[in-house]
Structures are given as C-alpha cells and as structure tokens.
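Engineer:
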Amino acid sequence: MQEQVARKLNALEQRLRALESVVVAFSGGVDSAVLLKVAVRTLGSPRVLAVTGRSPSVPRAELNSVAALAAELGAAHEFLDTAEFADPRYVSNPSERCYYCKTELYSRLVPLAAARGYRAVVGGTNRDDLGDFRPGLQAANEQHVLAPLAEVGITKAEVREIGAALGVPIHAKPASPCLSSRIPYGEPVTPEKLQRIDAAETYLRELGFAECRVRHHAQLARIEVPATDLARFANAELRARVDARLRELGFQYVALDLRGFRSGSLNEVVPGARLRPSAR
C-alpha cells in the first residue's frame, strides 16, 4: 500500500474509533465493503452491523450475495425492506430520484441504529463521489448519515487499493448502481421494467460482459459495454443471440451505444451534471 494511502487508512481507523459503534449502509459494492472491513478490524464485530436495503431496484445478484459477503468480512448482517415505490415522487423518476430513495432508506436505518444502541450510521461515499451528480448525498446529510471515506479524502482508486491490501474479495468489482438508474428521467419506474433490465444485464454478464448497462428507453434497450468490448458485436451470431433474448424479455428494439459504457450516462441530460468515463 502506498504511504499516502496508508496514512488515509490510519485516519479512517481513527475516525471510526471516535464513533465507537456503527451501522454500515451496506450495498455489497466495493466502497461499503471496504468500509465494513475496516470498521470490523477497528471496532470489533460486536460494535458493527451491516444493513442492506432490499427492494425491486436492487439487482437480484447483489441481494443473493450480500449476506455471504458481510459474513466473510466478519460482520453481522440484516436486510431492511424499503418502500420507495410507495412514494409517487420516486416512481415519477425526476432527476432527484435518488434523493427520495435514500431518504426512504436512511429514515428507516437511523432509527434502527438508535434503537439497537449504535452511535452512528455510516455509508460508503468516497471523495470522488462528492464531485458527481448524486442527489442521494443530500438525503444522507439531512439524515446525519456519515461518510468516513470521503471525510478522510479516500478516492475510489484508493478504496480499491485498501481493499486489495486488506483482502476484501470484491476490491476489483465493477460498480453496480440501482436498476432504476437505467431508466431515463421522466419515464416512470416500475418493478416490471426493473425485472426486465436485471434479466437483460444478467444475460450479458453470462456472455462474458462483466461490465454492462441496459438502458430502458420505452421499447428500446440501449446496451452499453466498455469500448474494448464493442468489437465483439461484430459477430453476427452474438448479435442475434442478444437481440433474441432481449426481445424475449419484452424489448421491441435492441441497440448498441457506440460511445461505450459511461457511468451515469443518463445524467447527460441534467444541466451541470459531471460524468466520469468509468465507475472503476
């Protein structure tokens, strides 16, 4: 581990010690996994609880693996069922959709932590996230959910470096944001659309596209894969298989985005949104 990163890890450990006990908002992604690992190492398992929000917007593969991952990291784990689909503001899918989703999660998570005697709720926001378009950060601030990684200046790349050094098994895992992020703003979010997206992306991963997005534009599926994988679609058999499977799932048209994978590409229509070429 680089000396600068080691210093930041030490600062993170000090910050967690000051909190004494924490509930980690645990998505199963690399940021929250590294935070959970450091929390358990620093505070001990009895003072750490990992909680995962469960709803149709979370990919099924994430829900299937998250409890085992928390156990591997040494933490007790629970699911918390959320009800963002009962909020018409969330379902209408405005550009601040994530604010309503995170408000629903944190407004349940914070009282749970207090009732169990934990001193704070912490999430996996890193320093790079602060410069991205993330309405959910406002919800975290309003609900007093802390971001220790960001507080001590740990970037996404440094999260992965720390994860590798500490033996976090998913330290190189691509980002997997909620399925609702595949639906353009203004088009309603429904469980049926999310199931279709989840099945389509699962199929692409089975074909070897480890990092992919299927953007749901009404009857059109817009596939994003890294630029290095675009050439694979020159294969007529592969194209036919993908087209057939996605049409079987309910899409009428299937298109390949020639610009390749961009994390948060649907934010391109949001004035002032800052995008990164990759979430890795």
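With my numbering as the guide, the letters of the sequence shown map in order to residues 1180 to 1459.
Just so it is clear, CB atoms sit at the ideal spot from N, CA and C, and this is done for glycine as well.
Note that the coordinates shown come from a computational prediction; the quantities given were computed from them, not determined experimentally.
(1) Is Ala-1204 near Val-1227, with beta carbons less than 8 angstroms apart?
(2) Where in the segment 1278-1316 do unbroken runs of the beta strand (DSSP E), each at least 3 residues long, occur, reported from the N-terminal end onward?
(3) Using only alpha-carbon positions, find the residue among Phe-1388, Phe-1440, Leu-1428, Asp-1307 that is nearest to Ala-1379.
(4) Spatial neighbours of Arg-1194 within its chain, please: CB distance less than 8 angstroms, with the 5 preceding and 5 following residues excluded, ordered by chain position.
(5) Could you say if the segment 1312-1327 and the segment 1273-1281 meet the contact criterion of at least three C-beta pairs nearer than 8 angstroms?
(6) Three or more beta-carbon pairs under 8 angstroms between the segment 1351-1370 and the segment 1263-1272, yes or no?
(7) To the nearest angstrom, how far is the alpha carbon of Pro-1348 from that of Arg-1438?
(8) At the level of alpha carbons, what is the spacing between Lys-1372 and Leu-1425?
(9) When the Cβ atoms of the segment 1249-1263 are set against those of the segment 1180-1200, are three or more pairs found closer than 8 angstroms?
(10) Here's the rule: buried if 16 or more other CB atoms are within 10 angstroms of the residue's CB, otherwise exposed. What is Thr-1304?
(11) Do Glu-1241 and Gly-1207 count as a contact pair if the criterion is CB distance below 8 angstroms?
(12) DSSP three-state label for Phe-1258, please.
(13) Taking its Cβ as the centre, do 16 or more other Cβ atoms sit within 10 Å of Arg-1432, making it buried, or is it exposed?
(14) So within the segment 1377-1439, which uninterrupted beta strand (DSSP E) runs reach at least 3 residues, ignoring any that extend past its ends?
(15) Taking a contact to mean a Cβ-Cβ separation below 8 angstroms, would you say Ala-1299 touches Leu-1325 in this structure?
(16) Mind checking whether His-1395 and Arg-1375 have CB atoms under 8 angstroms apart?
(17) According to DSSP, is Pro-1456 helix, strand or coil?
(18) Find the nearest neighbour of Leu-1214 within the set Glu-1403, Val-1301, Gln-1181, judged by alpha-carbon distance.
(19) Check the DSSP bridge columns for Arg-1233 and list the partner residues they point to.
(20) What three-state label does DSSP hand Val-1184 in the structure shown?
(21) Looking only at DSSP bridge pairs, what is Ala-1204 linked to?
(22) Is it the case that the Cβ atoms of Gly-1253 and Ser-1224 are separated by a distance below 8 angstroms?
(23) Whose CA, out of Gln-1398, Arg-1287, Asn-1414, Ser-1355, lies closest to the CA of Ser-1244?
(24) Measure the C-alpha to C-alpha separation of Arg-1392 and Leu-1409 and round it to an integer number of angstroms.
Structural biologist: Based on what the coordinates show:
(1) As a working note, residue 1204 is residue 25 in the sequence shown. As a working note, residue 1227 is residue 48 in the sequence shown. Against a cut-off of 8 angstroms, the Cβ pair of Val-1227 and Ala-1204 comes out as no contact.
(2) Runs of the beta strand (DSSP E) lying entirely within the segment 1278-1316 and spanning at least 3 residues, in chain order: 1299-1301.
(3) Taking the first residue of the sequence shown as position 1, residue 1379 is located at position 200. A check of alpha carbon separations from Ala-1379 across Phe-1388, Phe-1440, Leu-1428, Asp-1307 identifies Leu-1428 as the nearest.
(4) By 1-based counting over the sequence shown, the position of residue 1194 is 15. So the qualifying residues of the chain are Pro-1327, Glu-1330, Val-1331.
(5) Contact between the segment 1312-1327 and the segment 1273-1281 is present: three or more C-beta pairs spanning the two stretches fall below 8 angstroms.
(6) Touching, per the Cβ criterion.
(7) Working through the sequence shown from its first residue, we reach residue 1348 at position 169. Working through the sequence shown from its first residue, we reach residue 1438 at position 259. If you take the alpha carbons of Pro-1348 and Arg-1438, they lie about 31 angstroms apart.
(8) Start at 1 with the first residue of the sequence shown, and residue 1372 comes out as number 193. Start at 1 with the first residue of the sequence shown, and residue 1425 comes out as number 246. So the two alpha carbons sit approximately 12 angstroms from each other.
(9) Segments in contact, no.
(10) Counting from one through the sequence shown, the residue named residue 1304 turns up at place 125. Buried, by the Cβ-count rule.
(11) For the purposes of this step, residue 1207 is taken as the residue at position 28 of the sequence shown. For the purposes of this step, residue 1241 is taken as the residue at position 62 of the sequence shown. Judged by their CB atoms, Gly-1207 and Glu-1241 are nearer to each other than the 8 angstroms cut-off.
(12) By 1-based counting over the sequence shown, the position of residue 1258 is 79. DSSP places Phe-1258 in strand when its eight states are reduced to three.
(13) If you number the sequence shown from 1, residue 1432 lands on position 253. Looking at the sequence provided, one finds Tyr at residue 1432 rather than Arg. When all chains shown are included, Tyr-1432 counts as exposed.
(14) With a minimum length of 3 residues, the unbroken runs of beta strand (DSSP E) contained wholly in the segment 1377-1439 fall at 1392-1396, 1399-1403, 1432-1435.
(15) Locating residue 1299 in the sequence shown gives position 120, where the first residue counts as 1. Locating residue 1325 in the sequence shown gives position 146, where the first residue counts as 1. Contact annotation: Ala-1299 and Leu-1325 have beta-carbon atoms nearer than 8 angstroms.
(16) If you number the sequence shown from 1, residue 1395 lands on position 216. If you number the sequence shown from 1, residue 1375 lands on position 196. Going by C-beta atoms, His-1395 is nearer than 8 angstroms to Arg-1375.
(17) Walking along the sequence shown from the start, residue 1456 turns up at place 277. With a pLDDT of only 39 at Pro-1456, under the threshold of 50, the placement of this residue in the model should not be trusted, and no figure is reported.
(18) Translated into positions along the sequence shown, residue 1214 becomes position 35. Here the closest residue by C-alpha is Val-1301.
(19) The residue you call residue 1233 lines up with position 54 of the sequence shown. Answer by DSSP bridge pairing, in chain order: Asp-1260.
(20) As a working note, residue 1184 is residue 5 in the sequence shown. Reduced to three states, the DSSP call for Val-1184 is helix.
(21) For the purposes of this step, residue 1204 is taken as the residue at position 25 of the sequence shown. According to DSSP, Ala-1204 bridges with Val-1230.
(22) As a position in the sequence shown, residue 1253 is number 74, starting the count at 1. As a position in the sequence shown, residue 1224 is number 45, starting the count at 1. Taking 8 angstroms as the Cβ cut-off, Gly-1253 and Ser-1224 qualify as a contacting pair.
(23) Here residue 1244 is taken as the residue at index 65 of the sequence shown, counted from 1. By alpha-carbon distance to Ser-1244, the top candidate from Gln-1398, Arg-1287, Asn-1414, Ser-1355 is Ser-1355.
(24) Here the question's residue 1392 lines up with position 213 in the sequence shown. Here the question's residue 1409 lines up with position 230 in the sequence shown. Rounded to the nearest angstrom, the two C-alpha atoms are 13 angstroms apart.
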